[in-house]
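Taking the numbering used here, the leading residue of the sequence shown gets 796, the next gets one more, and so forth. Since the structure comes first, as structure tokens, the remarks are kept for the end.
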Amino acid sequence: MISMSRLPGGSNILSRVRIKDSSKYGTFINKNHASNEKVHELPSKETTLKDGDVVCFGTGNAAYRFSFVPFVFFSDNRGSYMIKILMNLCTHTIGACTTIELSDECTHVLTDQLAPVSEPLIDAIVAKKPIMLMSWLEVMHMQCFFQV
796 MISMSRLPGG SNILSRVRIK DSSKYGTFIN KNHASNEKVH ELPSKETTLK
846 DGDVVCFGTG NAAYRFSFVP FVFFSDNRGS YMIKILMNLC THTIGACTTI
896 ELSDECTHVL TDQLAPVSEP LIDAIVAKKP IMLMSWLEVM HMQCFFQV
């Protein structure tokens, strides 16, 4: 199991993770220690998971806690206004956010192949933040945008 510390104060980004019940024995969600919600009784047999929901499948006693950890991209992009608009649109589409301040809350660094090496970029590398190219974000945006 891989886990990450939660951001201080929690995330203000809502999860868009949906669960659909196609099972024989049912899928149950325990929302904040309330009574179990039967997913197969909901419209379209699906619902959106929220951070902290506990999911149980079938008749077994195994329970799984859903934890939503959003992408927080650090970008030292000094590009044009249109590039910044595109970057914000793409990150919003995949449920992420961007910041121009490098901090512990940043999960990834977003850069371009032609971007100059800057002091904040070096600091991010030293902090072992994964580096993502803008082209990856554009591909993810297109997959989310055209998904039915």
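Just so you know, even glycine gets a beta-carbon here, dropped at the ideal spot from N, CA and C.
Considering only Pro865, Lys819 and Val867, the residue with the shortest C-alpha distance to Phe852 is Lys819. In the structure shown, Cys851 adopts extended strand secondary structure according to DSSP, grouped into three states. Residue state for Val812 is assigned as coil, using DSSP reduced to three classes. For Ala922, there is no enclosing alpha helix (DSSP H), as DSSP gives it neither H nor E.
Within the model, the alpha-carbon separation for Leu897 versus Met935 is close to 23 Å.
Counting only residues of its own chain and dropping the five nearest sequence neighbours on each side, Thr843 has a CB closer than 6 Å to the CB of Arg813. Beta-bridge analysis with DSSP links Ser870 to Leu905. Counting C-beta pairs with one atom in each stretch, the region 913-928 and the region 878-887 have fewer than three that are closer than 8 Å, which means they do not touch. Ranked by Cα distance from Glu933, the options Ala922, Gly855 and Thr906 are led by Thr906. The alpha-carbon separation between Gly855 and Trp931 amounts to approximately 39 Å. Per DSSP, the beta-bridge partners of Asn831 are Asn825.
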